[in-house]
Every structure is written in C-alpha cells, then in structure tokens.
Amino acid sequence: MLLYCDCLSVACAPGISKSTSDAGLGEHHPSDAPSPALRSLSSWPQSIVYIRICCLLTAMATKVASLLGLPVELRLAIYTLVFNRFDSGHSRNILLVSHQIRVEAFPVYFEWTRYFGSFERLIEWTAAGNPNLLEHVRDVSIQVLHDRWLSFRHAASQASEKESLEDEAPNTAAWWSKQLGELGDPLPYERREDMAPKENKILRQARQFGKMIFPKKPQPETDLIEEIWTALARMPNVRYCWVNLAHRDARMDPLTRIFLEMISSAFPRMSTFSFFSHPHDVEFLRNFQHIRFLRFTGRSTSTPDELLDILLSLKSLDSLSLYRYPETYDHDRGVRPDGVLSLTESVVARMRPLASLEISHMSSRIPSAFLTHPMLEAWKTHLPSLRILKIGTDERLSATITTELLDLIALSRLTKLQIRSQGDKKPIDISTYLPSSLKQCDAALKCDEFKGTGSSGGGQFHNHTFTEIELQDPQFQGILEDSFSTQLLH
C-alpha cells in the first residue's frame, strides 16, 4: 500500500502531469493542486490505482525522443549543420524522411551556394526545380570560361538573324535577345573542309544506319538568351553572387558585358557581389542598390570619375575587397591584366565611408596598387568609420610602407585586424600599434628593411596573435574591458 502511495504521489507531481495527460490518464495541469480524492487512497480501489500507475510507467518508458519533437528553432539549426558547404551529397537524404522535414529543410538547403559552370547547367537546374523553392536560393556562383561561351555566341548569331522587334519592355527575355542580336557573334566561325576531321567510313555508315532505324524527334526551337534570363529571374532573392567570366579574345567583351547586365537586373536584392573577369565597364553595378560588399580588382574600362559616380550611387556600400591573383593565374585562365586603375587614391578619398576594407595581393612580382604612399593617405580618410581591416600580400613591403601602415593602424578604431606580408625575418611585434578598440587580431607582418620605430614605437618580435596570457598584459587593459578577455582571438 505504501508503494502505491509513493507511486501515486509521483504521478500527481507537477513535473509529470503532462505525461499523465499524454498517457490518457486524465487531464491535469501543473498549476492545479491534487484533488482531495487523490490525497486519500481510501477513495481509490487498489486495483484501479495499480492499473493507472502501470499505464503511467509504461507510457513514460516507451516515450522515445524524435527530431520532430524538438522545437522548430532547433530543427532549423540542425538542418543548417547538416547542409554544410563540404557535404558529399548524402545529407540530402534527410529530405526524403518525411513531408514535414522536407518542407522545413528545403529552404535551408537552397540557402547554400549553387555553383554553375555553364549556361546549360544553369538552365537545366532551374528548370527542374519548383519555382516556389527557387525563391529561397540566396547564394549563386557562376563561372563561364573560354569554350563554354560557344553556345552563347551561337545564340547571339541566331538573334542577329531575327527581325528586330520594336517597343520591347526592358528586362524581358525578348528584350535581352534583341540586345544580344545587335551585337551578334564577335567571333564568326568559318569551317574549312581541309581542316575538318576525317571520319572512319565504317563509323559513318553505322551512324547513318542508326538514324534510319531510330530517327530523332524534332526538337522545339529554343532561344538560349531567353532561357538564361528565365533561369536567372527564377531566383529573385539571391543575396550573394560570385562571377568568374574569362575569354582569351578581347572581342568577346561585349557579350560578357551583356551577361553581367543580365545578372545585375535579375538579382536586385544583391548584398555581396564578387566579380572576377577581364576589365569591363562597371556601369552594371548601378542596379545593385542594396549592395553592401563589393569585391573586384579595382581595374575597369571605366574612368576614375565614372567609377566614383557609380560607387556614390550605391548608398548601402560600406565594405570593399580588392584582390590580385598570381600572374600564373592570368596565363592559365587566359585573363588579360589590361584596363586602367579606376580605383585611384582620388576615388578612395571621395567615396562613401567604409566600415570594412580587405586587400588581397597574391602576386610576388607585381607590386600592389593599393599599398602605396598616396593610397595609404587616401585610406586614412576612412579611419573614423573603419572597423575591419584585412591585408594579405605576397609582396615584400618596404620599410616606409610598413611604417605608414602601422601608423594607420595606430590611428584607427579597428575592432578586427588581420595582416600578413612576406619576408625573411621574423614578424614585427605590432602590439604597441594596436588601438584599444581592437577585439580580434591575427598579425604576421614582416619587413626585412624595418629597423626603426614608428610614431607609436615597436620592434621586431614574433607572430602576434592574442592569447589569454598576452591579454593579461597591462598594455591590453583597454581590450580586457571589452568583455572578451576569456576568448582566444585567433
């Protein structure tokens, strides 16, 4: 009887009240006090008490945790971990578990980067997808190199043969086809019979025989330009885009410019845009009215004044990334390092204040155009607003540039700093140059010619990365006050 009383008391406890309800043992709310009937075992027959307690214990023992039993916020976080960038493809099997998981996980799945290496792949993937799901695509990477432009050239040639249609609405499939038709194929292909590959006689006869037995069904005529525009327009909510367009012949530049204009018109909500190609007219950037982060080489066919006018029109732009790939990359990818430096020190000094600046120079032979004395003076105009500075260069910096760079850091209000350069000696100790506002630092600044000290002192020490031990130093007291002293800031 005592055992029954103890079990019944547990059953009536507020923490288990929900389990009793789930087990079908009657409604009970945690805030409700046990009824007088439950306090007195004399009003409960022993057989009924035993049966109800057994049912309760059975329900508690057989209750199994499940993914759908978790809060929806936790499930979405789990989906994000499952669909990581380095996934081999097996994680997509979770979409086949149930209808509810498929509905919840599909938007998360489409938020990861979609990579397209050709126009045909772009068209095929978007055509096979549900238009409602394509609205969840946020990150797109498009790379079209060399011979992958052949179909685009062919479409331009076909468009040039069509009759010109007047009064086409802008930014429609027919309008883009008309724009491309006015250019035509810049590289007309002339077939020479003496250069045509000779086919084996038996193979030719076998192919002709196969066509007689299995005739091909007539394919409907399609317009590649219209299909490309339709594919891009199906993803109107793209926020991040990386584009790599390259061709060895400069006569292809008008076609690449048309494609860039199509991208800028199809993705009006773009916030981060990375552009790697031959220098082009960057007028298409005006369509990115919500862009905040722009990554490009700083070179284009636009004049500095034209580029300044374009950058000033982008009212949300506050982050800039300037890069230079190794010269071997230019040769391997057929990239022509021509074009003028549009982003001059005059443009830098007059553009909108930047909150983040990244300079990535991966060439040891060609000096960086953005780490010079005039350019460093221009960057100083952004110090009141600059919070993130990342500089990585394979160039060996001179002592003068190194000193000016350290002085720029000392005068800043940075919260995050990453800096790296090449040299034979040990990295410089930049601890005395670090502003009190700094929260994260990873520095390996080398300079073989650096001997003196800058305006804030310094010397040659080691690769400086904040650790918990170093943060105990009194010179980092300002950093300790920013509530991250217990973190490793590497």
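Quick note: the sequence shown uses UniProt numbering, first residue 1, plus one each step. Glycine residues also receive a C-beta, built at the ideal position from the N, C-alpha and C atoms. All figures in this text were calculated on a predicted structure; none of them were measured in a lab.
By the neighbour-count criterion, in which 16 or more other beta carbons inside 10 Å mark a residue as buried, Phe152 falls on the buried side. Looking at Leu95, Asp305 and Arg365, the one whose alpha-carbon comes closest to that of Ala349 is Asp305. Proximity to Leu371 across Ser342, Leu245 and Leu322 peaks at Leu322, based on C-alpha coordinates. DSSP places Thr272 within a strand segment (E or B) once states are collapsed to three.
Taking a cut-off of 8 Å for Cβ pairs, the region 101-108 and the region 205-213 do not touch, as fewer than three such pairs fall below it.
For Leu180 and Asp249, the gap between their C-alpha atoms comes out near 18 Å. Taking the C-beta atoms as reference points, Val243 is found no nearer than 7 Å to Leu307. The beta strand (DSSP E) runs of length 3 or more contained entirely in the region 120-195 are, from start to end of the chain, 139-145. For secondary structure counted as the alpha helix (DSSP H) over 4 or more consecutive residues, the region 357-424 holds these complete runs in sequence order: 373-379 and 399-410. In the DSSP assignment, Cys241 is bridged to Val140 and Phe273.
Beta-bridge partners assigned by DSSP to Tyr115: Ser141. A residue is called buried when at least 16 other Cβ atoms come within 10 angstroms of its Cβ; Ala443 meets this threshold and is buried. Counting only residues of its own chain and dropping the five nearest sequence neighbours on each side, Met375 has a CB closer than 8 Å to the CB of Glu345, Val348 and Ala369. Assigned with DSSP and collapsed to three states, Ala355 falls in coil, not helix or strand. Taking the Cβ atoms as the reference, Thr415 lies roughly 5 Å from Lys439, within the contact range of under 8 Å.
It is roughly 14 Å from the alpha-carbon of Lys425 to the alpha-carbon of Asp394. Excluding sequence positions up to five before and after Met270, its CB lies within less than 7 Å of the CB of Val238, Arg239, Cys241, Phe288, His290 and Ile291, all in the same chain and listed in chain order.
Collapsing the DSSP output to three states places Asp448 in coil.
In the structure shown, Tyr79 falls within a helical segment according to DSSP collapsed to helix, strand and coil. When DSSP states are grouped into helix, strand and coil, Arg324 belongs to the strand group.
Contact check for Leu445 against Ser412 fails: the beta carbons are separated by 7 Å or more. At the C-beta level, Leu134 and Arg234 come within 7 Å of one another. Cβ contact annotation for Pro367 (same chain, cutoff 7 Å, sequence separation greater than five): Glu395, in chain order.
Per DSSP, reduced to three states, the secondary structure at Phe293 is strand.
Fewer than three beta-carbon pairs drawn from the region 251-260 and the region 124-133 are found closer than 8 Å, and the two stretches are therefore not classed as touching. Following the DSSP letters along the chain, one finds Phe110 inside the alpha helix (DSSP H) bounded by residues His99 to Phe110. With 16 or more other Cβ atoms inside 10 Å of its own Cβ, Leu224 counts as buried. Only buried fits Arg324, as 16 or more other CB atoms lie within 10 angstroms of its CB. From the listed residues Pro435, Met362, Glu449 and Ile419, the smallest Cα separation to Ser398 is found for Glu449. Distance check between His361 and each of Phe293, Asn93 and Ile419 places Ile419 closest, using alpha-carbon atoms only. For Thr297 and Leu312, the gap between their C-alpha atoms comes out near 18 Å. Using a 10 angstroms sphere on the CB of Glu161, the tally of other CB atoms stays under 16, which defines it as exposed. Excluding sequence positions up to five before and after Gln100, its CB lies within less than 8 Å of the CB of Leu68, all in the same chain and listed in chain order. Assignment of Leu341 by DSSP, reduced to helix, strand and coil, places it in the strand class. In this structure, Leu320 lies away from Leu341, with their beta-carbon atoms at least 7 Å apart. By the criterion of a C-beta distance shorter than 8 Å, Trp175 is surrounded in its chain by Glu168 and Ala169, once the five residues flanking it on both sides are discounted.
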